[in-house]
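Report on one structure; see the data block that follows.
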Amino acid sequence: MQEKKRILAVDYGERRIGLAISDAFQWTARPLETIDRKKSPDTASLIHRIILENDVGEIVVGMPFNMDGTKGESSERVENFVKMLKKIVTCPIFFEDERCTTLLAHEIIREMGYNKRIRKRKGKVDQMAAVLILKSYISKKEM
305 MQEKKRILAV
315 DYGERRIGLA
325 ISDAFQWTAR
335 PLETIDRKKS
345 PDTASLIHRI
355 ILENDVGEIV
365 VGMPFNMDGT
375 KGESSERVEN
385 FVKMLKKIVT
395 CPIFFEDERC
405 TTLLAHEIIR
415 EMGYNKRIRK
425 RKGKVDQMAA
435 VLILKSYISK
445 KEM
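So in our numbering, the last spot in the sequence shown is 447, and the numbers never skip.
Structure representation (C-alpha coordinates):
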(Lines of atoms letter the chains of each structure in order from A and count residues from 1; the text may use other names and numbers.)
(Lines give C-alpha, C1' and ligand atoms only; values in the text may rest on other atoms or scores of the structure.)
Protein backbone atom coordinates (compact mmCIF):
# COMPACT_ATOMS: atom_id res chain seq x y z
CA MET A 1 0.00 0.00 0.00
CA GLN A 2 1.31 3.42 -0.95
CA GLU A 3 1.94 5.94 1.81
CA LYS A 4 0.04 9.20 1.75
CA LYS A 5 1.02 12.43 3.40
CA ARG A 6 0.01 12.93 7.00
CA ILE A 7 -3.01 14.90 8.19
CA LEU A 8 -2.58 17.56 10.87
CA ALA A 9 -5.58 18.25 13.11
CA VAL A 10 -5.98 21.57 14.89
CA ASP A 11 -8.16 22.27 17.92
CA TYR A 12 -8.02 26.08 17.96
CA GLY A 13 -8.76 27.70 21.31
CA GLU A 14 -8.47 31.13 22.86
CA ARG A 15 -5.54 30.12 25.09
CA ARG A 16 -4.15 26.96 23.53
CA ILE A 17 -4.04 25.13 20.21
CA GLY A 18 -4.08 21.36 20.40
CA LEU A 19 -2.45 19.44 17.56
CA ALA A 20 -2.74 15.83 16.49
CA ILE A 21 -1.29 14.01 13.51
CA SER A 22 -2.12 10.93 11.49
CA ASP A 23 0.25 8.19 10.48
CA ALA A 24 1.48 8.17 6.87
CA PHE A 25 -1.33 5.81 5.83
CA GLN A 26 -3.96 8.09 7.40
CA TRP A 27 -5.30 5.26 9.56
CA THR A 28 -4.46 6.41 13.07
CA ALA A 29 -4.36 9.65 15.04
CA ARG A 30 -2.00 10.56 17.86
CA PRO A 31 -1.47 13.67 19.99
CA LEU A 32 1.35 15.88 18.73
CA GLU A 33 1.67 18.98 20.90
CA THR A 34 -0.08 21.95 22.43
CA ILE A 35 0.78 25.51 21.50
CA ASP A 36 0.33 28.12 24.22
CA ARG A 37 -0.89 31.16 22.31
CA LYS A 38 0.42 33.60 24.94
CA LYS A 39 3.95 32.17 24.72
CA SER A 40 3.86 31.68 20.93
CA PRO A 41 2.08 34.64 19.32
CA ASP A 42 3.12 33.66 15.77
CA THR A 43 1.16 30.41 15.76
CA ALA A 44 0.73 30.26 11.98
CA SER A 45 4.50 30.20 11.40
CA LEU A 46 4.93 27.59 14.13
CA ILE A 47 2.26 25.39 12.53
CA HIS A 48 3.94 25.88 9.14
CA ARG A 49 7.20 24.54 10.60
CA ILE A 50 5.34 21.55 12.06
CA ILE A 51 3.77 20.87 8.65
CA LEU A 52 7.18 20.81 6.97
CA GLU A 53 8.80 18.66 9.67
CA ASN A 54 6.01 16.05 9.59
CA ASP A 55 5.31 15.73 5.84
CA VAL A 56 1.74 17.00 6.22
CA GLY A 57 -0.44 16.97 3.10
CA GLU A 58 -3.66 18.37 4.52
CA ILE A 59 -4.99 20.10 7.61
CA VAL A 60 -8.29 19.61 9.40
CA VAL A 61 -9.43 22.31 11.79
CA GLY A 62 -12.17 21.80 14.35
CA MET A 63 -15.15 24.09 13.76
CA PRO A 64 -16.95 24.94 17.01
CA PHE A 65 -20.58 24.94 15.94
CA ASN A 66 -23.26 25.67 18.52
CA MET A 67 -25.35 22.68 19.55
CA ASP A 68 -28.10 23.80 17.14
CA GLY A 69 -25.62 23.77 14.24
CA THR A 70 -25.21 27.53 13.94
CA LYS A 71 -21.91 29.39 14.03
CA GLY A 72 -21.00 31.65 16.94
CA GLU A 73 -18.12 33.86 18.05
CA SER A 74 -15.73 30.94 18.40
CA SER A 75 -16.46 29.87 14.83
CA GLU A 76 -15.54 33.32 13.59
CA ARG A 77 -12.20 33.19 15.45
CA VAL A 78 -11.45 29.81 13.88
CA GLU A 79 -12.33 31.09 10.40
CA ASN A 80 -10.03 34.11 10.88
CA PHE A 81 -7.22 31.82 12.02
CA VAL A 82 -7.68 29.63 8.93
CA LYS A 83 -7.61 32.70 6.65
CA MET A 84 -4.27 33.67 8.19
CA LEU A 85 -2.97 30.09 7.91
CA LYS A 86 -3.94 29.90 4.21
CA LYS A 87 -1.57 32.80 3.52
CA ILE A 88 1.36 30.70 4.75
CA VAL A 89 0.62 27.05 3.90
CA THR A 90 -0.03 25.45 0.52
CA CYS A 91 -1.79 22.26 1.60
CA PRO A 92 -5.60 22.13 1.65
CA ILE A 93 -7.43 23.00 4.86
CA PHE A 94 -10.75 21.42 5.80
CA PHE A 95 -13.18 21.96 8.66
CA GLU A 96 -14.59 19.24 10.92
CA ASP A 97 -17.47 19.64 13.36
CA GLU A 98 -15.95 19.64 16.82
CA ARG A 99 -19.09 19.76 18.95
CA CYS A 100 -18.54 17.94 22.26
CA THR A 101 -14.89 17.03 21.51
CA THR A 102 -13.53 18.98 24.48
CA LEU A 103 -16.08 17.41 26.82
CA LEU A 104 -15.21 13.93 25.54
CA ALA A 105 -11.48 14.73 25.68
CA HIS A 106 -11.81 15.69 29.37
CA GLU A 107 -13.51 12.37 30.07
CA ILE A 108 -10.86 10.34 28.21
CA ILE A 109 -7.97 12.13 29.91
CA ARG A 110 -9.61 11.71 33.33
CA GLU A 111 -10.04 7.98 32.66
CA MET A 112 -6.34 7.80 31.75
CA GLY A 113 -5.57 8.91 35.31
CA TYR A 114 -4.30 12.46 34.81
CA ASN A 115 -5.25 14.83 37.61
CA LYS A 116 -6.79 18.22 36.80
CA ARG A 117 -3.58 20.22 37.33
CA ILE A 118 -1.57 18.04 34.93
CA ARG A 119 -4.38 18.00 32.34
CA LYS A 120 -4.39 21.80 32.14
CA ARG A 121 -0.64 22.37 32.43
CA LYS A 122 0.32 19.86 29.80
CA GLY A 123 -2.48 20.74 27.39
CA LYS A 124 -3.51 17.10 27.29
CA VAL A 125 -7.18 17.95 26.76
CA ASP A 126 -6.37 20.18 23.78
CA GLN A 127 -4.29 17.44 22.16
CA MET A 128 -6.96 14.82 22.81
CA ALA A 129 -9.64 17.09 21.31
CA ALA A 130 -7.46 17.37 18.20
CA VAL A 131 -7.15 13.56 18.11
CA LEU A 132 -10.95 13.25 18.24
CA ILE A 133 -11.33 15.81 15.42
CA LEU A 134 -8.80 13.90 13.34
CA LYS A 135 -10.39 10.50 14.00
CA SER A 136 -13.78 11.86 12.94
CA TYR A 137 -12.29 13.34 9.78
CA ILE A 138 -10.40 10.13 8.88
CA SER A 139 -13.50 7.98 9.39
CA LYS A 140 -15.49 10.19 7.01
CA LYS A 141 -12.72 10.04 4.39
CA GLU A 142 -12.85 6.24 4.46
CA MET A 143 -16.55 6.16 3.52
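Glycine included, every Cβ here is placed at the ideal spot set by N, Cα and C.
At the level of alpha carbons, what is the spacing between residue 352 and residue 338? As a first step, residue 352 is located in the sequence shown; it is residue number 48 there, counting from the start. As a first step, residue 338 is located in the sequence shown; it is residue number 34 there, counting from the start. Cα to Cα, residue 352 sits roughly 14 Å from residue 338.
Assign residue 414 to one of three DSSP states: helix, strand, or coil. Here residue 414 is taken as the residue at index 110 of the sequence shown, counted from 1. DSSP places residue 414 in helix when its eight states are reduced to three.
Can you tell me which of 416, 329, 369 and 348 puts its alpha carbon nearest to the alpha carbon of residue 394? For the purposes of this step, residue 394 is identified with residue 90 of the sequence shown, where counting begins at 1. Comparing Cα-Cα distances from residue 394 to each of 416, 329, 369 and 348, the minimum goes to 348.
May I ask which residues mark the beginning and end of the alpha helix (DSSP H) holding residue 364? Here residue 364 corresponds to residue number 60 of the sequence shown, with the count starting at 1. Segment 360-367 is the beta strand (DSSP E) holding residue 364; no alpha helix (DSSP H) there.
Measure the CB-CB distance between residue 400 and residue 429 and report whether it falls below 9 Å. The residue labelled residue 400 in the question sits at position 96 within the sequence shown. The residue labelled residue 429 in the question sits at position 125 within the sequence shown. No, these two residues do not count as a Cβ contact at 9 Å.
Going by DSSP in three states, residue 315 sits in which element: helix, strand or coil? Here residue 315 is taken as the residue at index 11 of the sequence shown, counted from 1. It is a strand residue.
Ordered along the chain, which non-local residues of its own chain (more than five positions away) have a Cβ less than 8 Å from that of residue 355? Counting from 1 along the sequence shown, the entry for residue 355 is found at position 51. Result list for residue 355: 312, 363, 393 and 395, in chain order.
Which value, in whole angstroms, describes the spacing of the CA atoms of residue 319 and residue 342? Numbered from 1 along the sequence shown, position 15 holds the residue referred to as residue 319. Numbered from 1 along the sequence shown, position 38 holds the residue referred to as residue 342. Roughly 7 Å separates the two Cα atoms.
Classify residue 315: buried if its beta carbon has 16 or more other beta carbons within 10 angstroms, exposed otherwise. The count along the sequence shown starts at 1 and reaches residue 315 at position 11. Buried.
In this structure, what does DSSP give as the bridge partners for residue 322? To locate residue 322, count along the sequence shown from 1; it is residue 18. Residue pairing by DSSP places residue 322 opposite 315 and 338 in a beta bridge.
Please state whether DSSP places residue 310 in a helix, a strand or coil. Against the sequence shown, residue 310 aligns to sequence position 6. Three-state DSSP puts residue 310 in a strand.
Taking only three categories from DSSP, how would you classify residue 333? Residue mapping note: residue 333 aligns to position 29 of the sequence shown, counting from 1. Strand at residue 333.
Cut-off 6 Å between Cβ atoms - residues of its own chain near residue 332, not counting five sequence neighbours on either side: By one-based count along the sequence shown, residue 332 stands at place 28. For residue 332, where only same-chain residues beyond five positions count, there are no Cβ hits under 6 Å.
Could you pull the start and end residues of the alpha helix (DSSP H) that residue 355 belongs to? Along the sequence shown, read from residue 1 onward, the residue named residue 355 stands at position 51. Segment 347-357, the alpha helix (DSSP H) holding residue 355.
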